[in-house]
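In terms of the working numbering, the sequence shown opens at residue 172 and continues consecutively.
Virtual Cβ for every residue (Gly too), placed ideally from N, Cα, C.
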Amino acid sequence: MLKEWQKQYCVDIYQAIKKREERIRSPEKIAKDEFFDCVNEVRYKYPELFYIDFSTISYVEYDNYFEYKPRYLYDENEIRKKGNEIEAVVRNILITINAAKASSVYQKCGLLHNYLVSTY
172 MLKEWQKQYC VDIYQAIKKR EERIRSPEKI AKDEFFDCVN EVRYKYPELF YIDFSTISYV
232 EYDNYFEYKP RYLYDENEIR KKGNEIEAVV RNILITINAA KASSVYQKCG LLHNYLVSTY
């Protein structure tokens, strides 16, 4: 479970990535495992950051803080293009499974699960 200051740092990382910043400074006196916990939280919490290579975490360790260097896989135009492609696939899946007929989130999840299992 992340501490409150770690949650805020995750938001800071997210916002910095959205601005395409090259270096993201951590809070001071952060332990290495806390730093990695935050970067990994961003990795799993924000799937819309598909354009970041989280397979390796590039960083610089200073005396009392870290500097995260996100690796951008695509330029802004390619990100927008791939994002639109993902949205189109999502819309097609929702139409295919007839998600509008489901009366609850649970039913929608079931329809989506069945579609994914039978299709992929």
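Starting from residue i, follow the beta strand (DSSP E) in both directions and report where the run begins and ends.
{"i": "Y230", "result": "Y230 to E232"}
{"i": "E238", "result": "F237 to Y239"}
For the candidate residues the options, whose alpha-carbon lies nearest to that of residue i?
{"i": "Q179", "options": "F206, D246 and I250", "result": "F206"}
{"i": "F221", "options": "L283, E258 and Y291", "result": "E258"}
{"i": "C181", "options": "S274, N211, S226 and R262", "result": "N211"}
{"i": "A202", "options": "I228, D234 and V260", "result": "D234"}
{"i": "N269", "options": "Y286, D224 and E219", "result": "Y286"}
{"i": "K174", "options": "C209, E219, I188 and I184", "result": "C209"}
Do you know offhand how far residue i's Cα is from residue j's?
{"i": "R191", "j": "R242", "result": "10 Å"}
{"i": "E199", "j": "Y236", "result": "5 Å"}
{"i": "R196", "j": "E256", "result": "32 Å"}
{"i": "G281", "j": "A187", "result": "35 Å"}
{"i": "W176", "j": "R214", "result": "17 Å"}
{"i": "I264", "j": "I184", "result": "31 Å"}
{"i": "N248", "j": "D224", "result": "17 Å"}
Over the uninterrupted alpha helix (DSSP H) stretch that includes residue i, give me the two end residues.
{"i": "T267", "result": "E247 to T267"}
Hey, residue i and residue j are a contact pair by Cβ (cut 8 Å); roughly how many whole angstroms apart?
{"i": "Y239", "j": "Y230", "result": "5 Å"}
| message | Quick check for students: name the residue ranges of the alpha helix (DSSP H) that lie wholly in the region 196-232, counting only runs of 4 or more. | response | 203-216
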